[in-house]
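Enquirer:
Protein chains in written order, with the numbering used here: chain D, 1 to 176; chain G, 177 to 633.
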């Protein structure tokens with residue numbers, strides 16, 4: 001990469017890395033993993049920079065690399081499960097609302113989704129991509145996006161903390 | 177829009193907003209990119225002239241990106257240097273270790289908890305590697321899962337075969353990837369006869385075997401590009417041939433000798449775990465793992481080989497916190513060693529850091545023991561880590577007192593016994609029973625469990 005390209009890349013990273021880091025965080029659920037994932041994706045982008053003609057598409061490229069890297073089967077992972085005799089205390093907040101409790105439960109349930117389902121939820125509900133755009137990022141059909149997202153939402157709803165919450169009981173056909 | 181939609185959007189938005197930007201992300205990106213480039217160049221050099229020639233004639237106007245970002249328009253790279261940096265070219269039926277063939281076979285074998293064990297064991301042999309399964313099945317006679325996978329790490333591209341059993345994971349194959357990787361072959365044990373495993377690309381066609389090196393016969397496999405060939409009699413002349421999807425006999429994807437049917441074909445000795453390796457999942461009562469690299473260095477130092485810390489391996493079995501003291505105990509050895517030591521390290525003790533070089537762990541051990549000194553408290557901390565699946569762990573402070581249960585290995589709440597021990601104790605005893613509490617797995621003095629090169633506790 002020549003100096004001009006390097007400058008353009010640096011400008012891109014400076015402008016976009018905060019937003020991309022947020023997406024990486026939602027994909028991984030851990031700040032450290034998110035930084036690692038984004039760094040990997042941007043390093044690959046760095047190597048491909050001179051070959052990318054459409055600079056408008058760079059966000060999509062980085063997003064796609066992040067999702068594919070994160071969802072690749074058996075990606076090396078840190079052991080983050082512990083058998084422990086110390087049960088973490090639940091947050092006790094005098095002003096805790098139902099919404100906060102629901103969000104905590106949703107966040108926990110989200111962490112339990114398979115990586116691909118989680119990626120679809122993030123792309124659809126955070127990045128606000130259409131089903132077609134999500135399909136394009138993940139390299140799958142629109143039908144797969146629909147069915148997988150539907151399964152993901154059903155899992156979220158059926159997760160222990162959400163099963164009985166009236167706000168997450170969907171009307172019939174809402175997921176079809 | 178549904179209520180769940182709304183809540184999801186709100187949740188993701190609020191959580192994302194809490195993420196502060198990373199300081200100076202650029203330096204790390206450029207360093208990592210350089211490492212990736214070095215790795216790719218290395219792979220290209222290994223590929224030799226064949227790979228370079230293939231790139232020279234085969235780079236299309238639009239190169240499908242290896243990360244799957246095929247929507248990005250790219251142009252051919254004209255200079256040889258730039259070509260190398262863009263990565264090695266792989267033929268249509270050749271395995272790219274970074275993006276290997278899609279998984280074939282029985283996906284259910286991947287759902288087993290043994291996958292976690294495989295990942296951990298592989299990480300010990302080949303740190304920093306990424307592994308991708310490419311085939312799985314349940315071997316009918318033994319009803320054991322068999323998983324074929326590819327491992328990718330900087331300068332270390334490998335493939336392996338793992339089988340699951342009651343004792344965990346056995347690695348049947350741990351070999352470097354051949355170049356080019358058009359057919360992966362290994363001899364696996366079988367019910368009556370050894371089996372030659374052949375794994376070729378999913379788009380390949382006829383897969384044949386000629387025991388005499390001439391009379392090829394098609395071998396039906398469980399799925400395209402996969403075959404298990406029973407090996408019987410004289411196989412010194414045998415050949416394997418794989419054709420492409422069009423059956424082009426003139427340009428076979430692979431044609432070559434099968435590996436020897438040696439029954440001892442197993443993981444490479446240098447990467448093997450010691451004979452007394454305990455394949456227990458690591459446990460902890462703290463979410464803060466100790467720094468493995470520091471533990472490895474301390475082990476090398478305590479063995480009088482500080483320069484060899486890079487080849488030291490540490491397998492943590494328990495990591496804990498006791499007030500200000502953070503400690504870890506497990507097994508440590510040097511690559512290629514046949515036996516591992518029980519090894520521990522504590523920080524934050526009254527005397528600062530404390531290294532524990534224990535004995536060579538007895539093979540098939542039911543427990544390991546570790547002690548941390550706590551002079552200011554008046555008692556030491558004795559840590560008894562029983563094997564996975566063990567039941568009650570009991571302790572007696574001397575030769576005559578009755579055992580008192582300190583932990584139950586079957587309970588998620590208290591699987592490891594943490595015992596206040598008299599620093600002067602010499603005759604204390606420990607007993608570990610099986611999961612039902614009926615049978616004694618170990619009953620005896622604590623001291624032999626602690627006796628090592630650094631003395632007896």
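We put the beta carbon where it would ideally sit given N, CA and C, even for glycine.
Give the secondary structure of residue 14 of chain D by DSSP, where H, G and I count as helix, E and B as strand, and everything else as coil.
Expert: Three-state result, residue 14 of chain D: helix.
Enquirer: May I ask you to list, following chain order, the residues of the stretch 549-563 of chain G that have a beta carbon less than 9 Å from some beta carbon of chain D?
Expert: Correct list: empty, as no residue qualifies.
Enquirer: Is residue 180 of chain G close to chain D? Criterion is C-beta to C-beta, closer than 8 Å.
Expert: Cβ-Cβ to chain D under 8 Å: yes for residue 180 of chain G.
Enquirer: With C-beta atoms as the reference, is residue 132 of chain D less than 8 Å away from residue 122 of chain D?
Expert: Cβ atoms of residue 132 of chain D and residue 122 of chain D: not closer than 8 Å.
Enquirer: Note down, one range per segment and in chain order, each beta strand (DSSP E) of at least 3 residues found wholly within the stretch 500-571 of chain G.
Expert: Listed in chain order, the complete beta strand (DSSP E) runs (minimum 3 residues) inside the stretch 500-571 of chain G are 501-510, 517-525, 528-536, 543-548, 556-562.
Enquirer: Can you give the beta carbon distance from residue 304 of chain G to residue 278 of chain G, rounded, assuming they're within the 8 Å contact cut?
Expert: No, residue 304 of chain G and residue 278 of chain G are not in contact; Cβ-Cβ is about 24 Å, not under 8 Å.
Enquirer: Tell me the DSSP bridge mates of residue 332 of chain G?
Expert: Paired residue(s): G/329.
Enquirer: Taking DSSP's pairing of strands, which residues face residue 430 of chain G in a bridge?
Expert: According to DSSP, residue 430 of chain G bridges with G/418.
Enquirer: Using DSSP with H/G/I as helix, E/B as strand and the rest coil, what is residue 497 of chain G?
Expert: Of the three classes helix, strand and coil, the one that applies to residue 497 of chain G here is strand, per DSSP.
Enquirer: Just the C-alpha distance for residue 24 of chain D and residue 469 of chain G, rounded to the nearest angstrom, thanks.
Expert: Each residue's Cα considered, the two are about 27 Å apart.
Enquirer: Go to residue 158 of chain D, then tell me how far its alpha helix (DSSP H) extends in each direction, as first and last residue.
Expert: Run containing residue 158 of chain D: 142-158, per the alpha helix (DSSP H) assignment.
Enquirer: For residue 487 of chain G, collect the residues of the same chain with a Cβ closer than 6 Å to its Cβ; drop the 5 residues on either side in sequence, then sort them by chain order.
Expert: The residues are 510, 511.
Enquirer: Which chain B residues sit within Cβ distance under 8 Å of residue 140 of chain D?
Expert: Protein chains in the displayed structure are D and G, and chain B is not among them.
Enquirer: How far does the beta strand (DSSP E) with residue 404 of chain G in it extend, from its first residue to its last?
Expert: Counting along the chain, the beta strand (DSSP E) containing residue 404 of chain G begins and ends at 402-406.
Enquirer: Ends of the alpha helix (DSSP H) at residue 309 of chain G?
Expert: Per DSSP, residue 309 of chain G belongs to no alpha helix (DSSP H); it is in the beta strand (DSSP E), 306-315.
Enquirer: Quick one: Cα of residue 322 of chain G to Cα of residue 337 of chain G, how far?
Expert: Rounded to whole angstroms, residue 322 of chain G to residue 337 of chain G spans 7 Å at the Cα level.
Enquirer: Quick check: is the beta carbon of residue 379 of chain G nearer than 8 Å to any beta carbon in chain D?
Expert: So, not an interface residue.
Enquirer: In chain order, what residues of the same chain lie with their CB nearer than 6 Å to the CB of residue 405 of chain G, ignoring the 5 residues before and after it?
Expert: Cβ within range, chain order: 372, 385, 395.
Enquirer: One question on the structure: do residue 61 of chain D and residue 185 of chain G come within less than 8 Å of each other, judged by their Cβ atoms?
Expert: Cβ atoms of residue 61 of chain D and residue 185 of chain G: not closer than 8 Å.
Enquirer: Using beta carbons (cut-off 8 Å, strictly below), is residue 245 of chain G in contact with chain D?
Expert: Reliability fails at residue 245 of chain G, whose pLDDT of 30 lies under 50, so the model's placement of it is uncertain and the value that follows must be treated cautiously. Yes, residue 245 of chain G lies at the interface with chain D (some Cβ there is under 8 Å from its Cβ).
Enquirer: Could you work out which residues of chain G lie near residue 103 of chain D, taking near to mean beta carbons separated by less than 9 Å?
Expert: Those are 183, 186, 187, 190, 191, listed as they occur along chain G.
Enquirer: Nearest to residue 107 of chain D by alpha carbon, out of G/554, G/204, G/192?
Expert: When only C-alpha atoms are compared, the closest one is G/192.
Enquirer: For residue 528 of chain G versus residue 519 of chain G, is the C-beta spacing smaller than 8 Å?
Expert: Result no, Cβ atoms of residue 528 of chain G and residue 519 of chain G do not sit closer than 8 Å.
Enquirer: Where does residue 352 of chain G sit, in a helix, a strand or coil, going by DSSP?
Expert: Strand, per DSSP.
Enquirer: Note down the Cα distance separating residue 417 of chain G from residue 403 of chain G, rounded to an integer number of angstroms.
Expert: One C-alpha to the other measures close to 11 Å.
Enquirer: Taking DSSP as the reference, what is the three-state secondary structure of residue 68 of chain D?
Expert: In the structure shown, residue 68 of chain D sits in a helix (DSSP, three-state: H, G or I).
Enquirer: Counting C-beta neighbours from all protein chains within 10 Å, is the total for residue 68 of chain D 16 or more, i.e. buried, or is it exposed?
Expert: With 16 or more other Cβ atoms within 10 Å, it is buried.
Enquirer: Determine the direct distance from the alpha carbon of residue 109 of chain D to that of residue 159 of chain D, and round the result to whole angstroms.
Expert: For residue 159 of chain D and residue 109 of chain D, the distance between alpha carbons rounds to 6 Å.
Enquirer: From this set, G/591, G/433, G/408, G/534, which residue's C-alpha is nearest residue 458 of chain G's C-alpha?
Expert: Closest option to residue 458 of chain G, Cα to Cα, is G/591.
Enquirer: Given residue 614 of chain G, which residues of its chain have a CB within under 8 Å of its CB, disregarding the five upstream and five downstream residues?
Expert: Same-chain partners within the cutoff: there are none.
Enquirer: How long is the line joining the alpha carbons of residue 179 of chain D and residue 66 of chain D, rounded to whole angstroms?
Expert: With chain D running from 1 to 176 in the structure shown, residue 179 of chain D is simply not present.
Enquirer: Listing by chain order, which chain D residues have their CB less than 7 Å from the CB of residue 374 of chain G?
Expert: Under the 7 Å cutoff, chain D gives no residues; its nearest Cβ is about 22 Å from residue 374 of chain G.
Enquirer: With the cut-off set at 8 Å, would you say residue 574 of chain G and residue 550 of chain G are in Cβ contact?
Expert: Contact: no.
Enquirer: Going by C-alpha to C-alpha distance, which of G/196, G/205, G/204, G/559 sits closest to residue 31 of chain D?
Expert: Checking every option, the nearest Cα to that of residue 31 of chain D belongs to G/196.
Enquirer: Report all residues from its chain with a CB closer than 6 Å to the CB of residue 387 of chain G; omit the five preceding and five following residues, and keep chain order.
Expert: Once the five neighbours on either side are set aside, the close Cβ partners of residue 387 of chain G are 414.
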